[in-house]
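Note sheet for the following structure.
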Amino acid sequence: MGPALLLDTCVYIDQLQGRAPAIIEGLLSLRLTNHSTVAMVEMMHTAGRLDPAHPGTRNAIARIGALMDAIPGHRLFAPDAEVLGRAAMLSGVLCRLRGYASDDRMRALHVTILFLQALKSGLTVLTRDLRDYDLLL
110 MGPALLLDTC
120 VYIDQLQGRA
130 PAIIEGLLSL
140 RLTNHSTVAM
150 VEMMHTAGRL
160 DPAHPGTRNA
170 IARIGALMDA
180 IPGHRLFAPD
190 AEVLGRAAML
200 SGVLCRLRGY
210 ASDDRMRALH
220 VTILFLQALK
230 SGLTVLTRDL
240 RDYDLLL
């Protein structure tokens with residue numbers, strides 16, 4: 110079956126938008142799936158950014174809420190202080206090496222937190238963000 114997974118936010122977004130490839134859906138059905146509060150924070154941030162006047166916003170927020178409600182509490186993990194501290198330093202390195210502008214710096218922090226959280230827990234991150242994760246490896 111393979112190692113247990115920790116999902117990156119892009120996996121949830123692809124699923125919500127119906128863009129997740131069949132191979133990903135198959136992998137998710139075979140592997141033990143874990144979730145990070147980091148991805149949940151990113152999803153809630155996305156919900157907060159949606160324009161309330163847009164006709165699709167209500168449905169999008171409802172789908173995000175349903176997705177989050179479906180996550181079993183025993184499979185949702187928060188990064189600890191060690192991971193957060195190491196991730197802050199490592200994301201600074203990532204930003205410097207990639208030349209990230211301020212818009213990308215928070216995303217880089219989230220990527221490094223998720224990466225270190227998975228590493229510490231013995232999980233494999235499932236993502237399509239190969240560029241940053243390859244550099245972190």
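If you count the sequence shown from 1, you need to add 109 to reach the numbering used here.
Each residue gets a CB set at the ideal place from its N, CA and C atoms; glycine is no exception.
Here the structure is a predicted model, which means the values were calculated and not measured.
Under DSSP, the beta-bridge partners assigned to VAL234 are LEU115. Residue nearest to SER230 within the set PRO161, LEU185 and PRO181 is LEU185 (criterion: CA-CA distance). When rounded, the separation of the alpha-carbon atoms in GLY182 and ALA197 is 26 angstroms. With a cut-off of 8 angstroms on Cβ pairs, the region 124-141 is not in contact with the region 216-223, counting fewer than three such pairs. Counting only runs of 4+ residues, the alpha helix (DSSP H) found wholly inside the region 171-224 occupies 190-207, in chain order. Its chain contains CYS204 as the residues whose beta carbon lies nearer than 6 angstroms to that of ARG214, once the 5 sequence neighbours on both sides are disregarded; these appear in chain order. For LEU206, same chain residues with a beta-carbon under 8 angstroms away, outside a window of 5 residues either side, are LEU244 in chain order. Taking the C-beta atoms as reference points, LEU225 is found nearer than 8 angstroms to VAL192. Distance check between ARG240 and each of LEU228, TYR209, LEU232 and GLU134 places TYR209 closest, using alpha-carbon atoms only.
DSSP places HIS163 in the coil class of the three-state scheme, outside both helix and strand.
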